[in-house]
Amino acid sequence: QEQNTAIAIDGPAATGKSTVAKIVAEKLKYIYVDTGAMYRALTLKVLNLDIDPSDEEAVLEVLLETDIELTNESNGQRVLLDGQDVTNEIRHQPVSANVSYIAKLPTVRKEMLKRQQELAKDRGVVMDGRDIGTHVLPNAAVKIFLVASVEERAKRRHEENMAKGIPSELDQLKKEIQQRDEIDSNREIAPLTKAEDAIEVDTTSLSIEEVVDRILLEVEKYKTTQL
Ligand code: CDP
Ligand code: CDP
Numbered sequence: 011q012e013q014n015t016a017i018a019i020d021g022p023a024a025t026g027k028s029t030v031a032k033i034v035a036e037k038l039k040y041i042y043v044d045t046g047a048m049y050r051a052l053t054l055k056v057l058n059l060d061i062d063p064s065d066e067e068a069v070l071e072v073l074l075e076t077d078i079e080l081t082n083e084s085n086g087q088r089v090l091l092d093g094q095d096v097t098n099e100i101r102h103q104p105v106s107a108n109v110s111y112i113a114k115l116p117t118v119r120k121e122m123l124k125r126q127q128e129l130a131k132d133r134g135v136v137m138d139g140r141d142i143g144t145h146v147l148p149n150a151a152v153k154i155f156l157v158a159s160v161e162e163r164a165k166r167r168h169e170e171n172m173a174k175g176i177p178s179e180l181d182q183l184k185k186e187i188q189q190r191d192e193i194d195s196n197r198e199i200a201p202l203t204k205a206e207d208a209i210e211v212d213t214t215s216l217s218i219e220e221v222v223d224r225i226l227l228e229v230e231k232y233k234t235t236q237l
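Converting from the sequence shown to full-length UniProt numbering requires adding 10 to each position, the first position being numbered 1.
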C-alpha cells in the first residue's frame, strides 16, 4: 500500500519553489500546498483591516477567524480568503513588504503550523515554504533547499509580475527580496534555514525542467530505499 509521502521544498524568495513544487505534485499526483500563500493571505486581510502587522494579539485574533483555502481550478491554483479569490492581490507589493513581519509572530506561526500539518495528513503532498523541512514536515521523505543569486531571483520575479500584470520595479524588487530574506532568516521561531538532511540545489543557471528532474530523481531514490 502506498504510504503518505511528503516532499518539502524550502528556500529564499523567488528561487522557483512554487513553480517546481506545482509541477512535481502534478507528476506524482500529490497535492500541492503553497504555505507562503497562507501567510500572504493573512497579511492582505490584516492590511485591509488597518491592523498593525506587529500587533501579535490583534493579528492572531484575525487569523483565528479567517478561512484560507488553496484550491485547484482550471485556471490554476487559487487562493481563497474567507471565500474570496485573492490569488493575484496577495502578490502585490504592500503584501510582499509586510508579510515577513506577520510571519515572524510566534503565535501566528503556531496556528499556521497546525493548519499546514492538517493539510498534509493522510495524503501525498508537496509543500513549499521556509520551514517545511525543519518544522512543518520534519519527517518528509525528500527535502529540497533551493537557492539562486539575488540578481537572478529579482529578474525572474520581475518578469513574472510583468506577465501577470502586477506592478513591478526591478531595483525595488531586489531590495524587498533581500529584506524579506533577512527578516525570514533571523526571526526567532522557525527561521529560514536549510534542514540538515535537505539537498541544496542552486537554480541560478538551471531551467525549471532541470530543477523538476533533479527533485524527481531524489523522489525515485527515496522510493528505491523503501522497496
Ligand atoms: O514566493 P515568495 O518567495 O515571494 O514568498 P512566499 O513563499 O509567498 O512567502 C512569503 C513570505 O511568507 C515569506 O517571505 C515568509 O516571510 C513567509 N513564509 C514563512 O514564514 N514560512 C513559510 N513556510 C512560508 C512563507
Ligand atoms: O516560489 P518562489 O518564490 O521560490 O519562486 P517562483 O514564484 O516559483 O519562481 C519565480 C519565477 O522564476 C517564476 O516566474 C518561474 O517561472 C521562474 N523560474 C523558476 O522558477 N525556476 C527556474 N529554474 C527558472 C525560472
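Glycine included, each C-beta is placed from N, C-alpha and C at the ideal position. For clarity, every value in this text was computed on a predicted model and none was experimentally measured.
Using a C-beta cut-off of 8 Å, the stretch 166–179 makes no contact with the stretch 40–50, since fewer than three inter-stretch Cβ pairs fall below that distance. For Y232, the CB contacts under 6 Å within the same chain, skipping 5 residues up- and downstream, are A151 and V152 in chain order. Checking the DSSP bridge columns, you'll see L156 partnered with V211.
Look at D138: its beta carbon is less than 7 Å from one of the heavy atoms in ligand 2. Taking a contact to require three or more Cβ pairs closer than 8 Å, the stretch 203–216 and the stretch 154–173 qualify as touching.
Contact annotation, A164 with I187: C-beta distance approximately 6 Å; criterion of less than 8 Å satisfied. Contact annotation: V146 and A35 have beta-carbon atoms that are not nearer than 8 Å. Leaving aside the five residues that flank P201 on each side, the residues in its chain whose CB is nearer than 7 Å to its CB run, in chain order, D194 and S195. Between the C-alpha atoms of D44 and K185 there is a straight-line separation of about 23 Å. In this structure, DSSP gives G26 a state outside helix and strand, which the three-state scheme calls coil.
Separation of S215 and N98 (C-alpha to C-alpha, rounded to the nearest whole angstrom) is 27 Å.
DSSP places G86 inside the beta strand (DSSP E), whose first and last residues are G86 to L91. Residue H102 holds the alpha-carbon nearest to the alpha-carbon of H168 among H102, G93 and G86.
The chain-ordered list of residues whose CB is nearer than 7 Å to some heavy atom of ligand 2 reads G21, A23, A24, T25, G26, K27, S28, T29, V30, G46, D138, L156, R166, R167, E169, E170, T213, L216, S217, I218, E220 and V221. A residue is called buried when at least 16 other Cβ atoms come within 10 angstroms of its Cβ; D138 meets this threshold and is buried.
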